[in-house]
Amino acid sequence: MAIDDRTSDLINAGIDGEISPGERIELDRILRESAAARQYQADLTGLCDTLDATGELAPPPHLQHAILGAVKRRKRSPAPVSAVRSLLGLPMVRYAGAFSLGIILALAVISSDRISRDAFDDVTGLVGTLSGSTTESMVPNGRMISVSSSEIAGSVRLRRAAQIVVIDFDLVSSVPIEIVAEYADPEFWFNGFAQLENTGTRVFVEPGKVTLVMEGKRRYALYLHRANDTDATVDLSFFASGRLIREETLHFRGAD
Amino acid sequence: MAGNRHAFEVLVARYQKPVFNAAYRMLDSAEDAREVTQTVFLKAFEKLDTFDPKYRFFSWIYRIALNESINCLNRQKPLDSLDREPVSPTGGPAEQADDDQLNARVQAALMTLKPEYRTVIILKHFLDCSYLEISQILDIPEKMVKSRLYSGRQLLKEALVSSGLH
Chain A
1 MAIDDRTSDL INAGIDGEIS PGERIELDRI LRESAAARQY QADLTGLCDT LDATGELAPP
61 PHLQHAILGA VKRRKRSPAP VSAVRSLLGL PMVRYAGAFS LGIILALAVI SSDRISRDAF
121 DDVTGLVGTL SGSTTESMVP NGRMISVSSS EIAGSVRLRR AAQIVVIDFD LVSSVPIEIV
181 AEYADPEFWF NGFAQLENTG TRVFVEPGKV TLVMEGKRRY ALYLHRANDT DATVDLSFFA
241 SGRLIREETL HFRGAD
Chain B
1001 MAGNRHAFEV LVARYQKPVF NAAYRMLDSA EDAREVTQTV FLKAFEKLDT FDPKYRFFSW
1061 IYRIALNESI NCLNRQKPLD SLDREPVSPT GGPAEQADDD QLNARVQAAL MTLKPEYRTV
1121 IILKHFLDCS YLEISQILDI PEKMVKSRLY SGRQLLKEAL VSSGLH
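Encoded structure:
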């Protein structure tokens, strides 16, 4: 249908309620006289109704918590790592240092009665800093899963810092949840664990499997050593009252 | 306000949803939208001292959100567009399937628009801004807002017709 630009503009503005009284009179006259204009208005109204019906999207349930946490961390001064970095200057020593420090810091966090967000961030940040890369490489497929159900919500992210694979859990649960992370590839092995909150969590480690039992709002980091760059998977199973409620797989892609 | 943590928490609670929605509609990725939303509020917190109270707060934060989203778009590699997690609108299970299909088609059509058209469509239809507010947020004349909005709608309609929705 052919309508001129003036008519199109008036119809658009009329639908948006952004039209003056004089323009409204002009538009009403055009609509009385032109079937093409009436059709254009009907089509445009249908489009706008479709867009309005699309609805708002719900942000991840833990997003506000993550934002406020990031703001708090930004207010603090960063811990000096330059002295440590200079001591671990050689690549081989850097890796060994990262491996050892990852274990030491992770165990220190677990054994401490006062687990702070600083400790959590220092461990995860330090692993990245000392492992020889200035940026962590993200694995594209399966690098993060989002969980959203009546029992549990949040995200689980897999990222790599050189030869340490970090699985970050950021979850909120309304009931006790058991999370089983299984990695059948023998080139994966447990390297450490860090948690933000100091209560309400149990961790069980056995060859090829780590089990977390949690309830409430919790953040964890699970460290796995990865000796080579071949692709592998970490299978996650979520249980509530012994009932399997979710299964997911995180993919490690060594080439990325 | 810079030191007022409680006030900032109120702002986050009030604006995280529209900021997340704006970012998601621009980026078509829930993960990218989450990261952009976090960045937006971090920047807002750091720059609160520079906020000019003659403007409305939402205009300011929406501008940061759209700029960050465009920055994110510019940083993305082409293959990243294949790695998208679908996000469903809020609603009960009975409505979920229909909502998902509508949302997916509308979102796919949105992504066919150039960013300059997409931003105006998002501000008008998803954030319910007036022409004047859009003009202030994007710092463009109102005449240009209308031009981009009306042309964007036409392009969107063509994309939806192609997908069988209209």
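These protein sequences, in sequence, are chains A and B.
Per this note's numbering, the first sequence starts with residue 1, numbered consecutively.
Per this note's numbering, the second sequence starts with residue 1001, numbered consecutively.
The C-beta atom is built at its ideal place from N, Cα and C for all residues, glycine as well.
Quick caveat, the model's predicted, so the values are computed rather than measured.
Using a CB distance cut-off of 8 angstroms, T1112/B does not count as an interface residue toward chain A. Closest in C-alpha terms to V172/A, from the list G22/A, L27/A, H65/A, comes H65/A. In the DSSP assignment, N12/A falls outside any beta strand (DSSP E) and lies within the alpha helix (DSSP H) extending over 5-16.
Contact of V175/A with chain B is not assigned, every C-beta pair being separated by 8 angstroms or more. If you draw a 10 Å sphere on the C-beta of R143/A, you find 16 or more other C-beta atoms in it, and that means buried. According to DSSP, Y223/A shares a beta bridge with V166/A, G192/A.
Comparing alpha-carbon positions, the option among S237/A, G242/A, R38/A lying closest to E248/A turns out to be S237/A. Taking a Cβ-Cβ cut-off of 9 angstroms, the neighbours of H1125/B in chain A comprise C48, L51, D52, T54, given in sequence order. For a cut-off of 8 angstroms, the C-beta gap from I1134/B to L1123/B is around 5 angstroms, short enough to register as a contact. Distance between H251/A and Y183/A, taken at the CA atoms: about 10 angstroms. Taking 8 angstroms as the upper bound for CB-CB distance, L1066/B and L1113/B are not in contact here, some 14 angstroms apart. Taking a cut-off of 8 angstroms on C-beta distances, the segment 206-219 of chain A touches the segment 174-194 of chain A, as three or more cross pairs fall below it. The C-beta distance from E151/A to V166/A rounds to 25 angstroms, too long to fall under 8 angstroms, and the pair is not in contact.
Within the segment 5-32 of chain A, the residues whose Cβ lies closer than 8 angstroms to some Cβ of chain B are S8, D9, N12, A13, D16, E18, listed in chain order. Comparing alpha-carbon positions, the option among D1049/B, A1022/B, L1042/B, V1036/B lying closest to G69/A turns out to be L1042/B.
DSSP places K209/A in the strand class (E or B) of the three-state scheme.
Sequence-distant Cβ neighbours of R1153/B in its own chain, meaning closer than 8 angstroms and more than five residues away, are I1121. For A37/A, no chain B residue has a C-beta closer than 7 angstroms to its own C-beta; the minimum C-beta separation is roughly 14 angstroms. The alpha carbon of Q1101/B has as its nearest neighbour, out of L51/A, P61/A, S149/A, V71/A, the alpha carbon of L51/A.
Of the residues assessed, P60/A falls on the buried side of the cut-off, its CB having 16 or more other CB atoms within 10 angstroms. A residue is called buried once 16 or more other Cβ atoms fall within 10 Å of its Cβ, and V147/A is buried on that count. Identification of chain B residues near R74/A by a Cβ-Cβ cut-off of 9 angstroms yields L1042, F1045, E1046, ordered along the chain.
Taking a beta-carbon distance threshold of 8 angstroms, L244/A does not count as an interface residue toward chain B.
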